[in-house]
Structure formats: structure tokens, C-alpha cells
Amino acid sequence: MSYCEFSKTNKLHQHYHDDEYGFPVSDDNLLLERLALEINQAGLSWDLMLKKREGFNKAFGNFDIEKVARFSKRDIERLLKDEGIVRNRLKIEAVINNAKVIKEIQKAHTSFANWLVVQSIGLENEKEWVKFFKKQGFKFVGGEIMKEFLQSIGYLPAPHDKNCPVLKEIFKAKVLAVVKSIPKGQTMTYGEVAKAAGSPQAARAVGALMKQNKDKRVPCHRVVARSGLGGYNGLRGKSKKSLLIKEGVSLS
Numbered sequence: 226m227s228y229c230e231f232s233k234t235n236k237l238h239q240h241y242h243d244d245e246y247g248f249p250v251s252d253d254n255l256l257l258e259r260l261a262l263e264i265n266q267a268g269l270s271w272d273l274m275l276k277k278r279e280g281f282n283k284a285f286g287n288f289d290i291e292k293v294a295r296f297s298k299r300d301i302e303r304l305l306k307d308e309g310i311v312r313n314r315l316k317i318e319a320v321i322n323n324a325k326v327i328k329e330i331q332k333a334h335t336s337f338a339n340w341l342v343v344q345s346i347g348l349e350n351e352k353e354w355v356k357f358f359k360k361q362g363f364k365f366v367g368g369e370i371m372k373e374f375l376q377s378i379g380y381l382p383a384p385h386d387k388n389c390p391v392l393k394e395i396f397k398a399k400v401l402a403v404v405k406s407i408p409k410g411q412t413m414t415y416g417e418v419a420k421a422a423g424s425p426q427a428a429r430a431v432g433a434l435m436k437q438n439k440d441k442r443v444p445c446h447r448v449v450a451r452s453g454l455g456g457y458n459g460l461r462g463k464s465k466k467s468l469l470i471k472e473g474v475s476l477s
């Protein structure tokens, strides 16, 4: 039985499957939580992680990065006595260490979420991600853990069934998340957005989404065609060009 089928029989998993599994995450604290759960799943089951999720959040201060990064030896001893979580010293210390690494990334790149979007353009698979994460100082980020983490937040395809209706919602959410992350004064091509969203062959679908989007908070004008500006959301190239020029984009 696939996870998509199984989730229909289990309310705890159904919520995770329908609303979280494979969807992009823009909240840094939630990203730390997801990484922590994947780390603690090692040798255990995801079912156990979902059952203990509330306990983990209570024990780790809702995974507030600032708080977790300041956890002391006393906190570690407290966590080792907490029956609501997985009481494994190496895993606990890895989560605290990773919070410290994320805090440093935030200082240099505004947010961990934006940093992940930028890195995703140049990293092709979990092996490259593992090597890169370890280079940054992350701990307990082996191949299987990184694969599950990246699948859970949309940077690798989550193994939903091909006919699972959630897939379309995931693609849309991932594309819009990538577009929202494009800084003012910069642009990305439809192909680059598709690749960053994990679907490198879906450039045309990205273009269609840009035209359909009605949310003005999404800067669709920053997504351009490789051969030219292209229209967006009903606006012609001229209107798009004027918006980009106002934002300081140098157009040839």
C-alpha cells in the first residue's frame, strides 16, 4: 500500500500527506522542526515522529531557532529525561548544533528558507545536498535523512502516487514560493523557476501559472522568458518592462 493510500486510513497521516508532505516551507523554525523530526526518525518510524511531534515542539520551545541555539548542557540533560521525545544524546546535540548553523545562515542570507531556494538551483541530488550541508557544519545529515528532509519540503519529489491530486497543489505552491523568493532587482527565467521548483521540464507550466496568478503579492513580473520578457497576469511585455526598470533591473 502506498503512503497516499495509507494516509486515507489514518487521520494523523492524512493531514501530513494532504497539507505538508512535499509542500514548500518558508518558516525557518518549521524547517528546523522538520529536519529535527527526520533526524530523530533514523532507526525508528515516521508514525512515531508524528505521534511525538507535539512532545518535540514542547521540549524544543516550538523549535524557535534563537532558543534552541542557546540550549545548554542542562537543557540536554532535561531532554534526555523527557519521555515525550526520542531520548538520544547524539540526535539531541545534532538538533542544537543545526540550530546554531541555521542562525549563522540567517545572518548572511536573511533566512534559511531563502538560502535553500538559492542553493537548490545548483544542487542536483541528495548526495550533493549531503556534501554541501556537512560543509556548512550540519550534523546527522546522512543520505537517507537528507533525502527524506528534502522530499518533505519539496526540494526532491515526494513519492506521491502519480494520480494523487495533491501533486498539482504541491507544484503550484512550490512555483509561487520560488517566485516570492526572487529579490527585488533580479529576475529568473521560466526554466530556472521550474528547476528550482523541482520540475525542470515544466517551464511552460510555470508560464501558465504566472498568467493565471491573481495574487499581487507574488512578483510574477520578475519571471522572464529566456528569449524575452514575456507577459504575465494579463500584462504585456511593455508593462512588465516598466516594472522591472523601476526595480533597478538592467534590460538590454
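Take 226 as the starting number for the sequence shown in this note's numbering and just add one per residue.
Positions of the beta carbon are idealized from the N, C-alpha and C atoms, including for glycine.
Given the structure is predicted, the values throughout are model-derived calculations rather than measurements.
Contact between the segment 362-375 and the segment 309-320 is established, with three or more Cβ pairs separated by less than 8 angstroms. Cβ-Cβ separation between E263 and F374: approximately 4 angstroms, consistent with a contact (criterion under 8 angstroms). Going by DSSP, Y415 is part of the alpha helix (DSSP H) stretching over 415-421. Within the DSSP bridge table, the entry for A267 names no partner. DSSP places A427 in the coil class of the three-state scheme, outside both helix and strand. For F396, the enclosing alpha helix (DSSP H) has its first and last residue at 391-405.
Rounded to the nearest whole angstrom, the CA to CA distance from E353 to G416 is 21 angstroms.
Comparing C-alpha distances from A294 to each of W271, E279, I327, L304 shows the shortest one belongs to I327.
In the DSSP annotation of this structure, A383 is not part of any alpha helix (DSSP H), being labelled neither H nor E.
Rounded to the nearest angstrom, the gap between the Cα atoms of F288 and Q376 is 20 angstroms.
Scanning F357, S406, D244 for the CA closest to the CA of S251 turns up S406. Taking A422 as reference, the option from E329, G473, E394, S227 with the minimal CA-CA separation is E394. Contact between L469 and L476 holds: their C-beta atoms lie close to 6 angstroms from each other, under 8 angstroms. Taking K441 as the centre and dropping the five residues before and after it, the same chain places no C-beta closer than 8 angstroms to its C-beta.
In the three-state scheme derived from DSSP, where H, G and I count as helix and E and B as strand, I310 is classed as coil. Here V355 carries a helix assignment [DSSP, helix/strand/coil].
According to the DSSP assignment, K372 belongs to the alpha helix (DSSP H) that extends over 368-377.
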